[in-house]
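The structure appears below as C-alpha cells.
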Amino acid sequence: MTSILVIALNSFRETLRDKILYNLLIFAVLLIGASVLLGELTIAEHKKVVTDMGLAAINLIGILIAVFVGIGLVSKEIERRTVYTIMARPISRTQFLLGKYAGLVLTLSVNVLIMMAVFSVTLLLSGALVHIALFQAVALIFVELLVVTAVALLFSTFSSATLSAILTLAIYVIGHLTADLRGIAAKTESVVLKWLTEGLYYVFPNLEMLNVKGQGAWGISIPLSYQVVASTYGILYAALLLMVACVVFQRRDF
Amino acid sequence: MDVILIDGLTKVYKPNWPWQKPVKGLDGLSLSVSRGEIYGFLGPNGAGKTTTLKILMGLMRPTSGTAELLGQPAGDIHTRRRIGFLPEAPYFYDYLTAEEFLGFYGCLAGLDRSTLARRITELLDLMGLTEARTRQLRTFSKGMLQRIGLAQALIHDPELVILDEPMSGLDPIGRKQVRDLILNLREQGKTVFFSTHIIPDVEMICDRVGIVVKGRLLASGRVDELVSRHAGPVEIVCDGLLPERVAEIVPKAAKVLWRGSQCMIVLPNSDLVDGAVENIRRHGGRLISVTPQKGSLEELFVAQSEDRPLA
Numbered sequence: 011m012t013s014i015l016v017i018a019l020n021s022f023r024e025t026l027r028d029k030i031l032y033n034l035l036i037f038a039v040l041l042i043g044a045s046v047l048l049g050e051l052t053i054a055e056h057k058k059v060v061t062d063m064g065l066a067a068i069n070l071i072g073i074l075i076a077v078f079v080g081i082g083l084v085s086k087e088i089e090r091r092t093v094y095t096i097m098a099r100p101i102s103r104t105q106f107l108l109g110k111y112a113g114l115v116l117t118l119s120v121n122v123l124i125m126m127a128v129f130s131v132t133l134l135l136s137g138a139l140v141h142i143a144l145f146q147a148v149a150l151i152f153v154e155l156l157v158v159t160a161v162a163l164l165f166s167t168f169s170s171a172t173l174s175a176i177l178t179l180a181i182y183v184i185g186h187l188t189a190d191l192r193g194i195a196a197k198t199e200s201v202v203l204k205w206l207t208e209g210l211y212y213v214f215p216n217l218e219m220l221n222v223k224g225q226g227a228w229g230i231s232i233p234l235s236y237q238v239v240a241s242t243y244g245i246l247y248a249a250l251l252l253m254v255a256c257v258v259f260q261r262r263d264f
Numbered sequence: 005m006d007v008i009l010i011d012g013l014t015k016v017y018k019p020n021w022p023w024q025k026p027v028k029g030l031d032g033l034s035l036s037v038s039r040g041e042i043y044g045f046l047g048p049n050g051a052g053k054t055t056t057l058k059i060l061m062g063l064m065r066p067t068s069g070t071a072e073l074l075g076q077p078a079g080d081i082h083t084r085r086r087i088g089f090l091p092e093a094p095y096f097y098d099y100l101t102a103e104e105f106l107g108f109y110g111c112l113a114g115l116d117r118s119t120l121a122r123r124i125t126e127l128l129d130l131m132g133l134t135e136a137r138t139r140q141l142r143t144f145s146k147g148m149l150q151r152i153g154l155a156q157a158l159i160h161d162p163e164l165v166i167l168d169e170p171m172s173g174l175d176p177i178g179r180k181q182v183r184d185l186i187l188n189l190r191e192q193g194k195t196v197f198f199s200t201h202i203i204p205d206v207e208m209i210c211d212r213v214g215i216v217v218k219g220r221l222l223a224s225g226r227v228d229e230l231v232s233r234h235a236g237p238v239e240i241v242c243d244g245l246l247p248e249r250v251a252e253i254v255p256k257a258a259k260v261l262w263r264g265s266q267c268m269i270v271l272p273n274s275d276l277v278d279g280a281v282e283n284i285r286r287h288g289g290r291l292i293s294v295t296p297q298k299g300s301l302e303e304l305f306v307a308q309s310e311d312r313p314l315a
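These protein sequences, in sequence, are chains A and B. Adding 10 to a residue's 1-based position in the first sequence gives its number in the working numbering. Adding 4 to a residue's 1-based position in the second sequence gives its number in the working numbering.
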C-alpha cells in the first residue's frame, strides 16, 4: 500500500510541476468566465448558458487531462526507461500501475474541485442558483473521468502515446453513442448485425449513462438510485479495465 | 557462494509480424559471480549485455535457462531489497530535486524516515552533490546525472550492485570517479556486476571479466589469465640482413621496420619464431633480441568479437 502511495504522490507531483496542467486550468477558468459574457449576449435564459458552458468546460478539461496525461502514464515511463529503476525496487507491477492510476485520479480530483469552485463562484456572481443537480452532474463527470483514465492507462501499457490517444478518444466518442448501437440492433433484420451491435453495446462503456449535464443545467435533480447505479457501473467498468491493464502489464517485457 | 548464477540463458525476441524472423538476443549464456568481487561484463554493442541485465532485474523473461540472484530466482520482489540497479543511459524524473529523487527511491526500497535522511546526506556527500541538494535534476550535467543515478542504486545499501554501462558518456574525470566508487563498494564487501564496452575500465578494476559476443559467453576468468592464454605477437630484432631479401627470409612477417642496419620483424604469433630465427641465421643475420608482446584484453576482445579462433 505504501508503494502505491509513493508512486501516486510522485505521479501527482509530476503533473503539478508540468506546466500544461496550469494552462488547462487557466483555460477552464477563462471558459467559465466567458460563459458569463455569452450569457449576457443572449436574450433569455442567460443563466442556463452559464451553467451549460460551465459544466461543458469542466467535462472537456477533465477529459483532456485524463486522455493526454493518461496515455503517457506508463508509455512515457517505458520510453524514458524510468520504469527500469522503479521495477528494480521491491514493488510489483500491479502496485506500480495502481499507483500511476491513483496519482492521475488525485490530479483530476484537485482539478475538478478547483473548477467546480470557480464555477460556483461564477454562478453566484451572475445571480444564478447553485443547484444540487449541478453537483450531481459533476460527480458523474468525475466517474466518467475514472473510466476514461482507465481506458488511457490500459492502452498506455502496450501501445505508443499517439496510438493510445487516438484509441482512447475513439472509445470516448463511441462510449457516448452506444445507445445508437442498441437502436440499430433493435431495428436491423440481419442477425449478424444484430449480434455485432448488441455485442459492441455491452463491450464499450456506456458513457452517456454518466451524462446528466442537461438535467444539471436545468436544475433538475436526478434520483439518488440513478446516481448510485450509474456511479457503480462506471467504477466497476474502470476496475475491470484496470485488471486487464495489470494482466497486460504483468506479461510484457521492457 | 555465488551471488549471481546464470545457466543456459537464452532469449529469442518474437517478431512483430509473422513474416519476420525471430532474433536471438542471448544464446545459452552461463556465468557466475562470487561474493565480494567486481565482475566486468564486456561485449560489443548489441552483444546481449543489456538483455542479460534486464533478465537479472526481472524486466524481461528469458525464453529458456535460469538466472539466480542471491540464491533467489531473478525478478523476485523481496530480493530486490538487497540489489541496487542503474540502467544504461537512464532518464530520471527531472522535475524532482536531488533530495526528492533519492527520497522517492528510498521510500520505494522501504527505508524508514531517519535512515533515509541519513543515507541521502551520506550519498550526496559521497557523490559530491551536496551543493545540488535542492536543485531540480533538469539542471544537472550528464556526469551529475550519472552520479545521482548511482546514488539511487545505493540508497538502500544493497549487497549486490548491478550497473549497465556506468561509465559510458562520461569524461575522463567522471569515469575515474565511477571507477573509484566501484572499488570503494568492493572494499565495503559488496559485489559489483557491470556491463561495459570500454576495455581499460575492465582492466583497471575488475577481478574477473566475461566477454560476451552475439549472445554467447566466449571467455570468462581473471583478466591476466585470459590475456596470457591469448598469445600475442613476437618482435625479433636482428641485423646483417639485406633489406630486399627480408620478405623472402621471413615470409610470414606481419611488419618489418628498419632502423639503420637493424631490422625489427613482427611475427603474428609465437609458433612462427623457431622457423624465422633459423632462416635469419642461415642467411647470415645476427639475432639481437626476441620479445614476445604481452597480449592485451583489447586484442582478446577484438579477436573474440570477430569470431577468430584464439591462438
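Yeah, the Cβ is synthetic: ideal placement off N, Cα and C, and Gly gets one too.
Whose C-beta lies closer than 6 angstroms to the C-beta of residue i among residues of the same chain, with five residues either side of it excluded?
i               : result
arginine 312/B  : Bear in mind that a pLDDT of 46 at arginine 312/B, under 50, signals an unreliable position, so the number given afterwards is only what the model happens to contain. Cβ neighbours of arginine 312/B beyond the five flanking positions: none.
glutamate 208/A : Ala195
isoleucine 42/A : Gly64, Ala67, Val128, Phe129, Thr132
lysine 223/A    : Leu65, Ala147
tyrosine 43/B   : Val37, Phe197, Arg212
alanine 160/A   : Ala248, Leu251, Leu252
Going by C-alpha distance, which of the options is nearest residue i?
i                : options                                : result
glycine 69/B     : Leu154/B, Met131/B, Ala113/B, Leu33/B  : Leu33/B
glycine 62/B     : Val77/A, Arg90/A, Leu70/A, Met97/A     : Met97/A
arginine 1/B     : Gln192/B, Tyr95/B, Pro176/B, Asp228/B  : Outside the shown range of chain B (5 to 315) lies residue 1/B, about which nothing can therefore be said.
valine 306/B     : Gln181/B, Ile215/B, Tyr109/B           : Ile215/B
glutamate 218/A  : His186/A, Gly229/A, Trp205/A           : His186/A
leucine 40/A     : Gly229/A, Val84/A, Leu116/A, Thr132/A  : Thr132/A
tyrosine 212/A   : Thr198/A, Val202/A, Leu191/A           : Leu191/A
leucine 251/A    : Val183/A, Ser166/A, Gly193/A           : Ser166/A
aspartate 129/B  : Arg117/B, Leu221/B, Ala113/B, Leu154/B : Leu154/B
arginine 179/B   : Gly147/B, His160/B, Lys194/B, Ala157/B : Gly147/B
isoleucine 76/B  : Gly173/B, Trp262/B, Trp21/B, Ile8/B    : A small correction: the amino acid at residue 76/B is glutamine; isoleucine does not occupy that position in the sequence shown. Taking only the C-alpha atoms, the option nearest glutamine 76/B is Ile8/B.
glutamate 252/B  : Asp11/B, Asp6/B, Pro204/B, Arg286/B    : Arg286/B
aspartate 205/B  : Gln266/B, Leu115/B, Leu46/B, Asp6/B    : Leu46/B
glycine 114/B    : Gly236/B, Asp11/B, Ile81/B             : Ile81/B
leucine 301/B    : Gly236/B, Ala280/B, Ala258/B           : Gly236/B
leucine 13/B     : Pro26/B, Asn20/B, Lys58/B              : Lys58/B
threonine 25/A   : Glu55/A, Leu48/A, Leu114/A, Arg91/A    : Leu114/A
isoleucine 202/B : Ser172/B, Ala223/B, Pro176/B, Val217/B : Ser172/B
alanine 180/A    : Phe214/A, Val238/A, Leu31/A, Pro100/A  : Phe214/A
With a cut-off of 8 angstroms on the beta carbons, I'd call residue i and residue j a contact; round off their distance for me.
i                : j                   : result
arginine 262/A   : phenylalanine 152/A : Incorrect: roughly 30 angstroms between the Cβ atoms, too far for contact.
alanine 248/A    : valine 157/A        : 5 angstroms
arginine 165/B   : leucine 141/B       : Residue 165/B is actually valine in this sequence, not arginine. Wrong, their Cβ atoms sit about 21 angstroms apart, outside the cutoff.
asparagine 216/A : threonine 188/A     : 5 angstroms
alanine 143/A    : lysine 57/A         : That pair is no contact at about 13 angstroms.
threonine 95/A   : alanine 227/A       : Threonine 95/A to alanine 227/A, Cβ: 48 angstroms. No contact.
serine 174/A     : serine 85/A         : 6 angstroms
alanine 18/A     : leucine 116/A       : 6 angstroms
alanine 136/B    : phenylalanine 144/B : 7 angstroms
Specify, as a first and last residue, the run of the alpha helix (DSSP H) that residue i falls within.
i                : result
isoleucine 151/A : 142-166
alanine 180/A    : 171-185
aspartate 184/B  : 176-191
isoleucine 101/A : Looking at the DSSP string, isoleucine 101/A is not in any alpha helix (DSSP H), and its letter there is neither H nor E.
valine 213/A     : 201-213
tryptophan 228/A : 223-228
lysine 25/B      : Unbroken run through lysine 25/B: none, as it is neither H nor E.
Using a cut-off of 8 angstroms between C-beta atoms, extract the partners of residue i located in chain E.
i             : result
alanine 255/A : The structure shown has no chain E; the protein chains it does contain are A and B.
For residue i, which residues from the same chain have a beta carbon less than 8 angstroms from its beta carbon, with the 5 sequence-adjacent residues on both sides left out?
i               : result
valine 122/A    : Ile68, Gly72, Val148, Ile151, Phe152, Leu155
valine 238/B    : Val270, Leu271, Asn273, Ser274, Leu276, Val277, Val294, Thr295, Pro296, Gln297
glycine 29/B    : Lys15, Val16, Tyr17, Gly52, Thr55, Gly219
lysine 194/B    : Gly40, Pro162, Glu163, Leu164, Val165
glutamate 248/B : none
Among residues of its own chain, excluding the 5 on either side of residue i, which ones have a beta-carbon nearer than 7 angstroms to its beta-carbon?
i                : result
glycine 244/A    : Val153, Glu154, Leu156, Val157, Leu220
isoleucine 209/B : Ile42, Arg183, Ile186, Leu187
threonine 119/B  : none
Which residue comes first and which comes last in the beta strand (DSSP E) that contains residue i?
i                   : result
glutamine 266/B     : 266-271
phenylalanine 45/B  : 42-46
phenylalanine 197/B : 195-200
serine 241/A        : Serine 241/A -> not in any beta strand (DSSP E); alpha helix (DSSP H) instead, spanning 234-261.
alanine 89/B        : One detail in the question is off: residue 89/B reads as phenylalanine in this sequence, not alanine. It spans 87-90 - the beta strand (DSSP E) in which phenylalanine 89/B sits, taken as one unbroken run.
cysteine 242/B      : 238-243
_With three or more beta-carbon pairs closer than 8 angstroms as the criterion, would you say the stretch 105-122 of chain A touches the stretch 11-29 of chain A?_
yes
_Meets three-Cβ-pair contact criterion under 8 angstroms: the stretch 138-156 of chain B and the stretch 99-110 of chain B_ = yes
*Touch check for the stretch 103-113 of chain B and the stretch 44-64 of chain B: three-plus C-beta pairs under 8 angstroms?*
no
*Counting Cβ pairs closer than 8 angstroms, one from the stretch 86-99 of chain B and one from the stretch 158-172 of chain B, do we hit at least three?*
yes
*Quick check: the stretch 69-81 of chain B against the stretch 79-93 of chain A, are there 3 or more CB pairs under 8 angstroms?*
no
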